[in-house]
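K.L.:
Heads up: the sequence lines are chains A and B, in that order.
Reminder that position 41 of the first sequence reads as 41 in our numbering, one-by-one numbering, no gaps.
Position in the second sequence counted from 1, then plus 1000, gives you our numbering.
Think of the CB as a built atom: it goes at the ideal place given N, C-alpha and C, for glycine as much as any other residue.
So that we are looking at the same thing, I have put the structure below in structure tokens.
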Amino acid sequence: MRENEPATMPRTIVEPQFTVEHLSILDSDGTLDSALDPDIPPEDLKRLHHAMRLGRRFDERMLRLQRQGRIGTFAPIKGQEAAQIGSVATLRRTDWMVPSFRETAAMLWRGWTMEHILLFFAGYLEGGQPAPDQRDLPICIPVGGQLPHAVGLAYAAQYRGDDSVVMAYCGDGATSEGDFHEAMNFAGVWHLPLVFLVQNNQWAISVPLKKQTHSRTIAQKALAYGFPGLQVDGNDVLAVYAASREAVERARAGDGPTLIECVTYRLGVHTTSDDPTKYRSAEEVEAWERKDPLTRFGAYLQQRNLVEPGLDEAIDADIARAVEAFEAVGAPDPLVMFDHAYATPSVALEGQRAEMAGRLARTPVTAPAAPPAEGEAPAAAERQSPPMRGQRRPWRS
Amino acid sequence: MAKLNMVKALNLALLQEMERDPDVLVIGEDVGVDGGVFRVTEDLHRKFGGTRVVDSPLAEAGIIGAAVGMSLYGLKPVCEIQFSGFAFQCFHQIENHVARYRMRSQGRFGCQMVVRMPYGGGVRALEHHSESEEQFYAHVPGLKMVIPSGPRNARALLAAAIRDPDPVIFFEAKALYHAAKEDVPDEIETMPIGRAHVDRPGRDLTLVAYGAMVRVAREVAERLHEEDGVEVEIVDLLTISPLDRETLAASVRKTGHAVIVHEAPRSFGPGAEIATSIMEEAFLSLEAPIRRVTAYDVPFVGFARERANVPDAARVLAACRETLAF
């Protein structure tokens, strides 16, 4: 084409500019923007506060139990309480909750017991068994793998004419996985009652967000799939609650999926096997500690005179009872491993079970070594190789 | 009773299971309006609509992952993966989730779902359209692996797979889709999963095969009968996992000789498990080493060389004669 000649086939705009909104309601001192007040009844505000503090204190207790060798590796949630409780609290009991592996606070809200969670992280699959009426999937460890399952649940709910909504959790790292994109695409095409709740905690183990995606926000990824994406201050429980309530209502009304990006921060380790000082600065962590979701929400409730006296003491007493019940669980029966591989085991699998049963009958079971009492320093040998609850000596043939 | 090829027989199983159970649905690429690239889901879309016969986006992990969620809710999805060679795009969903959900949830959930895939050579197709990958699924605890060998058992096994509370990987030999017609009863018929079938009784040698290789086995058995006076017993596995060790052992106790045929590459393939199982159960009856006739341990060779790689009657015949002469 020569210069100054009008184009006969000009490029035209087929899609106007997208915008991505960010929602924040409480500032870092806990002062409310009253124009955005989600108007949550005081009793519900107290429940949210209780759940967030329970999440924090149980997490801290789990960390001590892990350091003592009483449970195994787990992914602490410290710093993400608002993102989890603000979102999960907008679900009905009959809605579905699909976790990844760092949703302890949200799981407790949904009715998983602390004893279940401790058992799970002590290596007992029993701890991952949802109650018969519980619409919760168990913890899913391969990153992003649970998201297509949420798609199927939402499809099935729609298929059966059930008005339940599915809320699926993942982190910023998961947004690089194919499963995330396939799930988003299916959810958009099928217009499903599904909320993708991304806890953008800035770090996927040692990889920061800027190495994970070149997108300015995670929220905008939803726009490519044809449904809304919203970014919220993930350390502001009121903002998370308001955004989630809107998304859940949209889903229930048949208006399709939403992605909510909660901008938050993992104040602790990725898992108990990780040392974050290797990849991030103390200054960065301190800056986020000043935005701690518990401090902000606590200050707000203080202003409204809604903080229950003795809250932490009551929570600690509940945790102590759960730990006690967990510790009282006996050594695992190895034969249980054959119970749930198939609905009905094959002849060959029955044979393998019988082989083990025969061996167990011939070899007296040795009780596992008692773990050290809480507060006691474990012996040096145990520090190197912490005994797991229920771990046995190797069998001798 | 109607004379049906395998495509029509599979279609009949889907139709009848969907009619009797509203929780059964079909999901895959092109399974709807198009009726599937091999026409196995033909007409189902017209009969049951797009909500039950779901044309999914082109994403295998999305198909299997969504089917996991559907099955956790209580539906019974039948997924079609267009070719088994594409299933590695969803293998992580199958291995990590489909196979494990019952265990992970300690029986609270199970994945009652079927994953249908056309497999195997013989259709002059490109890479990823001709391979045999049953060994990957047969090795995964929590899955069942079924491969029918003809229209009638294909229909009966697919119906059984749809009703099975555990996930079933269901391989359909492309070479058999239009190969032969059989009498297939009009009324619903199922067959037990996990049971092999003695396709031809014989006293001299056990020939173990499944899927498209059963045809080859039949040709070899006939020639050995005519040319050598040897009576071959063909064990058609039908289910690869769980393996029917009893039927295999009973046959070899009688014949003392065993040759195993499969299209998958040899090393660590199903033949290794079958041979070991025979050795464990019928060692003292064996009169010769067990032989395997398989594809070679090479990646896809191109269809111009496929016939040199996939076992044919000549190779199987030679292996049988060597085994008998040991």
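(1) Could you have a look at residue 1294/B and say whether DSSP puts it in helix, strand or coil?
(2) Just to confirm my understanding: we take residue 1182/B, look at its own chain, exclude 5 residues before and 5 after, and list those with CB closer than 6 Å. What are they?
(3) Look at residue 1294/B and residue 1257/B and say whether their C-beta atoms are less than 8 Å apart.
(4) Which residues in chain B have a C-beta closer than 8 Å to the C-beta of residue 153/A? List them in chain order.
(5) So residue 1323/B is in the alpha helix (DSSP H); what residue range does that whole segment cover?
(6) Bridge partners of residue 1197/B, per DSSP?
(7) Determine which residues of the segment 176-198 of chain A have a Cβ less than 8 Å from any Cβ of chain B, and write them out in chain order.
(8) Is it the case that the Cβ atoms of residue 1198/B and residue 1233/B are separated by a distance below 8 Å?
(9) Quick check on residue 73/A: does DSSP put it in helix, strand or coil?
(10) Does the segment 1059-1074 of chain B come into contact with the segment 1103-1119 of chain B, if we say contact requires no fewer than three beta-carbon pairs (one atom in each stretch) closer than 8 Å?
(11) When you compare only the Cα positions, how much space is there between residue 1158/B and residue 1010/B?
(12) Is the segment 22-35 of chain A in contact with the segment 225-233 of chain A, if contact means three or more CB pairs nearer than 8 Å?
(13) Identify whether residue 297/A lies in helix, strand or coil by the three-state DSSP scheme.
(14) What does residue 126/A touch in chain B if you count any residue whose Cβ is under 9 Å from its own?
(15) Does DSSP put residue 1116/B in a helix, in a strand, or in coil?
(16) Answer yes or no: does any C-beta atom of chain B fall closer than 8 Å to that of residue 169/A?
(17) Would you mind sorting residue 340/A into buried or exposed? The rule is 16 or more other CB atoms within 10 Å of its CB.
(18) DSSP on residue 19/A, reduced to helix/strand/coil?
(19) Can you grab the Cα-Cα spacing for the pair residue 1004/B / residue 1039/B, in whole Å?
(20) What does residue 314/A touch in chain B if you count any residue whose Cβ is under 9 Å from its own?
(21) Beta-carbon within less than 6 Å of residue 97/A's beta-carbon, same chain only, minus the 5 sequence neighbours each way: which residues are those?
(22) Can you pull out the residues from the segment 108-123 of chain A whose beta carbon lies closer than 9 Å to at least one beta carbon of chain B?
(23) Just reading off the beta strand (DSSP E) that residue 1003/B is part of, what are its end residues?
(24) Excluding the 5 residues flanking residue 1167/B on each side, which residues of the same chain have their C-beta closer than 6 Å to its C-beta?
(25) Can you tell me where the alpha helix (DSSP H) with residue 9/A in it begins and where it stops?
(26) Can you name, in chain order, every residue of its own chain whose Cβ lies under 6 Å from the Cβ of residue 386/A, other than the five neighbours on each side?
(27) Using only the alpha-carbon positions, how far apart do residue 1253/B and residue 349/A sit?
(28) Excluding five sequence neighbours on each side, which residues of the same chain lie with their C-beta closer than 6 Å to the C-beta of residue 319/A?
(29) Just the chain A side, please: which residues come within less than 9 Å of residue 1215/B by C-beta, in chain order?
(30) Nearest CA to the CA of residue 191/A: which residue from 159/A, 239/A, 8/A?
(31) Measuring straight from C-alpha to C-alpha, what distance separates residue 394/A and residue 360/A?
(32) Among the residues of its own chain, which have a CB less than 7 Å from the CB of residue 1086/B, if the five just before and after it don't count?
(33) So, do the segment 275-282 of chain A and the segment 213-225 of chain A have three or more beta carbon pairs nearer to each other than 8 Å?
(34) Which residues of chain C have a Cβ atom closer than 9 Å to the Cβ of residue 132/A, listed in chain order?
(35) Measure the alpha-carbon distance for residue 89/A versus residue 51/A and round it to whole angstroms.
(36) From this set, 235/A, 39/A, 94/A, which residue's C-alpha is nearest residue 133/A's C-alpha?
P.N.:
If we stick to the structure as given:
(1) strand
(2) 1150, 1151, 1152
(3) no
(4) 1069, 1070, 1072, 1073
(5) 1313-1324
(6) 1236/B
(7) 178, 179, 182, 183, 185, 186, 189
(8) yes
(9) coil
(10) yes
(11) 7 Å
(12) yes
(13) helix
(14) 1106
(15) strand
(16) no
(17) buried
(18) coil
(19) 14 Å
(20) Ordered by position in chain B, no residue passes the 9 Å Cβ test against residue 314/A, which lies about 31 Å from the chain.
(21) 110, 136, 167
(22) none
(23) 1002-1004
(24) 1098, 1111, 1113, 1143
(25) From DSSP, residue 9/A is part of no alpha helix (DSSP H); its letter is neither H nor E.
(26) Note that residue 386/A scores 42 on pLDDT, short of 50, meaning its location in the model is unreliable and no value can be drawn from it.
(27) 23 Å
(28) 58, 61
(29) Chain A residues near residue 1215/B: none, gap ~28 Å exceeds 9 Å.
(30) 159/A
(31) Note that residue 394/A has pLDDT 38, beneath the 50 cutoff, so the model's placement of it is unreliable and no number is given.
(32) 1060, 1128
(33) no
(34) No chain C is part of this structure, whose protein chains are labelled A and B.
(35) 10 Å
(36) 94/A
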